[in-house]
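J.: Numbers in my numbering are just positions in the sequence shown, counted from 1, shifted up by 293. Using N, Cα and C, we set each Cβ at its ideal position, and we do this for glycine too.
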Amino acid sequence: MQDIDNFIGQHAGYYSEFYCGIASNPRDRLFNGHGVNEKTDWWKYKDFGTDTVARQVEKHFLAKGCKGDDGGGDSTTRFVYVYKVGNHTRE
């Protein structure tokens with residue numbers, strides 16, 4: 294979790310400028326679902342091993358002010374992802 298915190302701190306510092314979510318396929322969710330540009334946008338994802346832990350981490354970042362909503366995914370959803378929201382991204 295600390296590496297995501299550090300990432301946000303290095304790229305703006307305001308949680309409210311980032312979206313946080315969970316996914317079983319974070320690359321698809323980031324680049325196809327949210328329209329994040331792989332080469333020019335700030336994004337990161339991490340495998341937390343289980344959907345239970347991923348949901349806890351997601352709630353942590355939502356409570357800190359990240360955009361997003363909890364309750365999605367299924368038992369295969371073990372990745373947490375974040376990206377800096379831009380005019381071209383879809384929340």
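1) I301: which of A347, E351, W336, V329 sits nearest, CA to CA?
2) How is the alpha helix (DSSP H) around G302 delimited, first residue to last?
3) If you reduce the DSSP assignment to three classes, tell me which class V373 lands in.
4) Output yes or no for whether 7 Å exceeds the beta carbon distance between D344 and R383.
5) In this structure, how does DSSP classify I324 when only helix, strand and coil are distinguished?
T.: Walking through what the data contain:
1) Position 8 of the sequence shown, counting from 1, holds the residue named residue 301. Looking at the Cα atoms, W336 is the closest of the given residues.
2) Within the sequence shown, residue 302 is the residue found at index 9, counting from 1. For G302, the enclosing alpha helix (DSSP H) begins and ends at 295-303.
3) Counted from its first residue, the sequence shown places residue 373 at position 80. In the structure shown, V373 sits in a strand (DSSP, three-state: E or B).
4) Indexing the sequence shown from 1 puts residue 344 at position 51. Indexing the sequence shown from 1 puts residue 383 at position 90. No, they are not a contact pair.
5) Sequence index remark: in the sequence shown, residue 324 carries index 31 (1-based). The amino acid occupying residue 324 in the given sequence is Phe; Ile does not appear at that position. Helix.
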